[in-house]
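A quick write-up on the structure given underneath.
In my numbering, the protein residues as written are 6 to 219.
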């Protein structure tokens, strides 16, 4: 629509120049046409340059460019440093087995846990398909409840499980169950462990929100 309007403007300009050609020095008609074409080409060039100018985190089509899941993991690891303990990547089959989240429900995912099953530090980020955001949320909530139930006899793990956080950011459903070494507060009881781990989880969620929403 904008291009069509500019063509009309160029035509009007040329017509006006032709009408004025009877007064004073005049330009040949061919030169007038060439000048009009040159003007239109310059405008097209200006438009192209403007469309390539970066605006925040949007691409040239105006759609927001989200960070990759590895970028998100890197941001959390950078924040927590050696307090980020998950190190083993889960496969899509393992993710489905432990959470019930299947391939048809997401665009991509990242899931990491500790090597030993007795240690429960975990981070799961699922870029859910829009129609499955609710289903992914429920699956991760059920997974969280199961971890809490399974660790009733293990106070340090129970504190981590109860302090775990789940947050949906756009179409990204994030589950963080972090805390690393809690021995420094273990003798203060479960509540102290929960508070300690909750602070770590809140920090991780903050970083994820900042990276996804900016």
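C-beta: ideal position from N, C-alpha, C; glycine also.
None of these values were measured; they are calculated from a predicted model.
Member of the options whose CA lies at the smallest distance from the CA of residue i
i: residue 128; options: 155, 219, 215 and 205; result: 205
i: residue 178; options: 139, 96, 92 and 169; result: 139
i: residue 102; options: 80, 182, 147 and 86; result: 147
i: residue 182; options: 88, 73 and 79; result: 88
i: residue 134; options: 123, 125, 106 and 149; result: 106
i: residue 142; options: 156, 153, 119 and 176; result: 176
i: residue 3; options: 110, 145, 90 and 131; result: Nothing in the structure corresponds to residue 3, since the chain is present only between 6 and 219.
i: residue 85; options: 130, 109, 218 and 210; result: 210
i: residue 100; options: 208, 169 and 180; result: 180
i: residue 115; options: 123, 108, 131 and 124; result: 131
i: residue 109; options: 80, 98 and 185; result: 98
Per-residue burial, residue i [other beta carbons within 10 Å of its own, 16 or more giving buried]
i: residue 199; result: buried
i: residue 215; result: exposed
i: residue 165; result: buried
i: residue 187; result: buried
i: residue 63; result: Note on residue 63: pLDDT 48, under 50, position unreliable in the model; the coordinate value appears next. Exposed is the call here.
i: residue 104; result: buried
i: residue 75; result: exposed
i: residue 113; result: exposed
Alpha-carbon spacing of residue i relative to residue j, whole angstroms
i: residue 192; j: residue 160; result: 11 angstroms
i: residue 93; j: residue 145; result: 18 angstroms
i: residue 203; j: residue 195; result: 12 angstroms
i: residue 49; j: residue 136; result: For residue 49, the predicted model reports a pLDDT of 46, less than 50, meaning its position is unreliable and no value from the coordinates is stated.
i: residue 149; j: residue 169; result: 8 angstroms
i: residue 124; j: residue 219; result: 33 angstroms
i: residue 96; j: residue 174; result: 23 angstroms
i: residue 190; j: residue 167; result: 16 angstroms
i: residue 171; j: residue 158; result: 23 angstroms
i: residue 81; j: residue 156; result: 25 angstroms
i: residue 284; j: residue 197; result: With the chain covering only 6 through 219, there is no way to say anything about residue 284.
i: residue 277; j: residue 162; result: Not covered by the structure: residue 277. The range shown for the chain is 6 to 219.
i: residue 111; j: residue 79; result: 21 angstroms
i: residue 83; j: residue 217; result: 16 angstroms
i: residue 151; j: residue 212; result: 26 angstroms
i: residue 201; j: residue 77; result: 22 angstroms
i: residue 207; j: residue 154; result: 22 angstroms
One or two residues paired with residue i in a DSSP bridge
i: residue 110; result: Note: residue 110 sits in no beta bridge, so no partner.
i: residue 178; result: 131 and 173
i: residue 147; result: For residue 147, which the question treats as bridged, DSSP gives no partner whatsoever.
i: residue 94; result: 117
Unbroken alpha helix (DSSP H) run spanning residue i, endpoints
i: residue 211; result: 195-218
i: residue 183; result: Element bounds for residue 183: n/a, residue is neither H nor E.
i: residue 160; result: 160-168
i: residue 122; result: Neither: residue 122 is in no alpha helix (DSSP H) and is coded neither H nor E.
i: residue 79; result: 74-85
Check: residue i C-beta below 8 angstroms from any heavy atom of the ligand MG
i: residue 96; result: What this structure holds is no ligand at all, so the ligand MG is not there to describe.
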